[in-house]
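Engineer:
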Amino acid sequence: MRGWLAWIGFAALAVGCGGSYDASVSGSVTLDGAPLPRGTIKFNPLAEGPASYGLVGNDGSYAIQTGREPGLPSGDYAVTIVANEPSVEQDPGSGLPPRPGKPITPPWYRSAESSPLKQRVEPGKNRIDLQLTTQPPPGWNPRGGRRSR
Amino acid sequence: MPLIAVALALVALTAGGCRRAAPAATVQGSVTMDGELVRSGRVAFHPVADGPTCYGNIDAQGAFALRIGGGGGLEESEFPAGEYIATVVVTLPSRTDEAIGEGGPPQPGARLSASRYAARETSPLRITVAPGPNVVDLDIDSAATEAPTEPTGETAAGAAEPPDEAADDRGADDPPTPAAAAETAVGDDAAAEGKPATDNSAAPATPAAPATPAEGSQP
């Protein structure tokens, strides 16, 4: 019987190493106190590894996934957020792609270098409510603060 | 009882996907365009050397998983680890409203992504796929950001609008030529973000003839 249990454990390990992550993150996003109605949240790992993403729902809620799997590895992240107005349709039938809409979220939230949102993700469930503001963070430089080159 | 145990273990091994012998890999990931997750489109990984080309459809969450062959299944396939060039076409979601009346397949939506990502000859996305599971982020530019010198009607008109503040705001330092744009994508986005979980990844690629429009390869 003990051997049988060991096999079960082994089987669980074998199945588990394919995919799932040890942490999950969900929450809400507001801009100056109002729910952000659309956009993309990106968790940029400070260590090596792929980024994780979540779409912002109509009510400002989001949940993070990595690739197609829910969740992400625990660790430290810089959080970036990009939201634009809906893209502008061109003439119907012209075959032209829509033009991108105007940005909603301020530019300093768009790159990991300039985003003031640093988050530690603990193993297990995390609820992280992101409160964005149109006030630039201290030291924000609109010309140089976007990307380090 | 031991027989059952062995059978269970075999099932677990074959179904679990924890293979360490062959240099087999799986790839899933996310696609963002101008920083936002995309809702519809297609990703392909073309081997630099010999091997199968792998495809994946982008789902409503901006995620994809690659499989060998073009079928519509959701399962990911194992394929050889190695060097790949990724191509990406982001489209508007299919116009199902038009297809229902005609009984035909849905019309494919218009292409939204920059044309250079559509063909392996021009795509700057060179990806190293490591053995085992990989997660690859692909961050690409939209067609609206393409330089306004494209010769063909479709892209010329699409790019006729100068990049507005949306493009400005992303901090692209106004790539003046397609070549510069490709370099930007390689230097910044691909190298910084197109990496599998295992680190060695999107090695900087030489932008291949970026002036060639990729329209011809998109039927």
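Those protein sequence lines, which keep their order, are chains A and B.
Letter by letter, the first sequence follows residues -8 to 140 in the numbering used here.
Letter by letter, the second sequence follows residues 21 to 239 in the numbering used here.
Where is the CB? At the ideal position from N, CA and C, for every residue including glycine.
Only a predicted model underlies this, so the values are computations on that prediction, with no experimental measurement involved.
#1: Where D23 of chain A and P100 of chain B are concerned, what is the direct C-alpha to C-alpha distance, given to the nearest angstrom?
#2: Out of A:P89, A:G18, A:S11, A:D13, state which residue places its alpha-carbon closest to the alpha-carbon of L121 of chain A.
#3: Are the beta-carbon atoms of R59 of chain B and V109 of chain B separated by less than 7 Å?
#4: Who pairs with P94 of chain A in a beta bridge, going by DSSP?
#5: Take the Cβ of R190 of chain B as the centre, count every other Cβ of all protein chains shown within 10 Å, and call the residue buried at 16 or more, exposed below.
#6: Given this structure, state the Cα-to-Cα distance separating P133 of chain A from A64 of chain B, to the nearest angstrom.
#7: Is it buried or exposed for E80 of chain A, if we count other Cβ within 10 angstroms and need 16 for buried?
#8: For chain B, find out if any of its Cβ atoms is closer than 7 Å to the Cβ of Y44 of chain A; answer yes or no.
#9: Per DSSP, what kind of secondary structure is A138 of chain B in: helix, strand or coil?
#10: Determine which residues of the region 47 to 80 of chain A have a Cβ less than 7 Å from any Cβ of chain B, and write them out in chain order.
#11: Checking the sheet assignment: what are the DSSP bridge partners for V63 of chain B?
#12: In the DSSP assignment, what residue or residues form a beta bridge with L46 of chain A?
#13: Based on the DSSP secondary-structure assignment, which residues constitute the bridge partners of L158 of chain B?
#14: Closest Cβ-Cβ distance between G152 of chain B and chain A: below 7 Å?
#15: Let me know the secondary structure DSSP gives Y68 of chain A once reduced to three states.
#16: To the nearest angstrom, how far is the alpha carbon of I72 of chain A from that of T96 of chain A?
#17: Answer with yes or no whether the minimum CB distance from P28 of chain A to chain B is below 7 Å.
#18: Got a sec: which bits of the region 59 to 71 of chain B sit with their beta carbon under 8 Å from any beta carbon on chain A, in order along the chain?
#19: Excluding the 5 residues flanking K116 of chain A on each side, which residues of the same chain have their C-beta closer than 6 Å to its C-beta?
#20: Would you mind stating whether P89 of chain A and S105 of chain A have Cβ atoms separated by less than 7 Å?
#21: So, for V68 of chain B: in the same chain, excluding its five sequence neighbours on each side, which residues have a beta-carbon less than 6 Å away from its beta-carbon?
Structural biologist: In short, the structure shows the following:
#1: Within the first sequence, numbered from 1, the residue matching residue 23 of chain A stands at position 32. Within the second sequence, numbered from 1, the residue matching residue 100 of chain B stands at position 80. Going by the C-alpha atoms only, they are around 48 Å apart.
#2: Working through the first sequence from its first residue, we reach residue 121 of chain A at position 130. Taking only the C-alpha atoms, the option nearest L121 of chain A is A:G18.
#3: Taking the second sequence and counting its residues from 1, the one referred to as residue 59 of chain B is at position 39. Taking the second sequence and counting its residues from 1, the one referred to as residue 109 of chain B is at position 89. Pairing R59 of chain B with V109 of chain B gives a Cβ-Cβ distance that is not under 7 Å.
#4: Position 103 of the first sequence, counted from the first residue, corresponds to residue 94 of chain A. Bridge partners of P94 of chain A: A:N75.
#5: As a first step, residue 190 of chain B must be located in the second sequence, where it is residue number 170. Because R190 of chain B sits at a pLDDT of 43, beneath the cut-off of 50, its placement in the model cannot be relied upon, and the following sentence gives the value as read from the coordinates. Around the beta carbon of R190 of chain B, a 10 Å sphere encloses 16 or more other beta carbons of the protein chains shown; the residue is thus reported as buried.
#6: Position 142 of the first sequence holds residue 133 of chain A. Position 44 of the second sequence holds residue 64 of chain B. Looking at the two C-alpha atoms, the distance is approximately 37 Å.
#7: Locating residue 80 of chain A in the first sequence gives position 89, where the first residue counts as 1. Classification for E80 of chain A: exposed.
#8: Here residue 44 of chain A corresponds to residue number 53 of the first sequence, with the count starting at 1. It does; some Cβ of chain B falls within 7 Å.
#9: Counting from 1 along the second sequence, the entry for residue 138 of chain B is found at position 118. In the three-state DSSP reduction, A138 of chain B falls in the helix class (H, G or I).
#10: For the region 47 to 80 of chain A, which is checked against every Cβ of chain B, the residues closer than 7 Å are Q56, T57, G58, R59, V73, N75.
#11: As a working note, residue 63 of chain B is residue 43 in the second sequence. Within the DSSP secondary-structure output, V63 of chain B pairs in a beta bridge with B:G76, B:V108.
#12: For this step, residue 46 of chain A is matched to residue 55 along the first sequence. Note: L46 of chain A sits in a beta bridge opposite A:T31.
#13: Here the question's residue 158 of chain B lines up with position 138 in the second sequence. L158 of chain B pairs with B:V51.
#14: On the second sequence, position 132 is the one that residue 152 of chain B refers to. Under the Cβ distance rule, G152 of chain B does not count among the residues neighbouring chain A, no pair being separated by less than 7 Å.
#15: Here the question's residue 68 of chain A lines up with position 77 in the first sequence. Strand at Y68 of chain A.
#16: The count along the first sequence starts at 1 and reaches residue 72 of chain A at position 81. The count along the first sequence starts at 1 and reaches residue 96 of chain A at position 105. If I take the Cα positions, the gap works out to 7 Å.
#17: For the purposes of this step, residue 28 of chain A is identified with residue 37 of the first sequence, where counting begins at 1. No, P28 of chain A lies away from the interface with chain B (no Cβ there is under 7 Å from its Cβ).
#18: So the list is empty, because no residue satisfies the distance condition.
#19: Against the first sequence, residue 116 of chain A aligns to sequence position 125. Closer than 6 Å at the Cβ level, and outside the excluded window around K116 of chain A, lie S15.
#20: Residue numbering aside, residue 89 of chain A sits at position 98 when the first sequence is read from its first letter. Residue numbering aside, residue 105 of chain A sits at position 114 when the first sequence is read from its first letter. In this structure, P89 of chain A sits away from S105 of chain A, with a CB-CB distance that is not shorter than 7 Å.
#21: To locate residue 68 of chain B, count along the second sequence from 1; it is residue 48. E103.
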